[in-house]
């Protein structure tokens, strides 16, 4: 999995406040596509039907919520 060289400012602040980060979501490149697919992480599938995508923009977050991986 891709690991950036440093945390984004918001992630650094969350970590310093004691947050436990359990994963990352996926977004389409520049958030301008109708499905969540990019060259780095690939396509995010719908957790209920793996032959379908989870949609664009916030598709990674939608898949996490739908699969109950994170509280809503």
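In this note's numbering, the protein residues as written are 817 to 888. Backbone N, C-alpha and C fix where the C-beta goes; we use that ideal spot for every residue, glycine too. Note that this is a predicted model, so its numbers are computed, not measured.
Check, Outcome
"Which of helix, strand or coil DSSP assigns to residue 841", "coil"
"Beta-ladder partner(s) of residue 834, from DSSP", "Answer by DSSP bridge pairing: none, since residue 834 is not bridged."
"Which of helix, strand or coil DSSP assigns to residue 866", "strand"
"Residue environment, residue 870, which counts as buried when at least 16 other CB atoms sit within 10 Å", "buried"
"Three-pair Cβ contact test at 8 Å for the stretch 871-882 versus the stretch 841-853", "yes"
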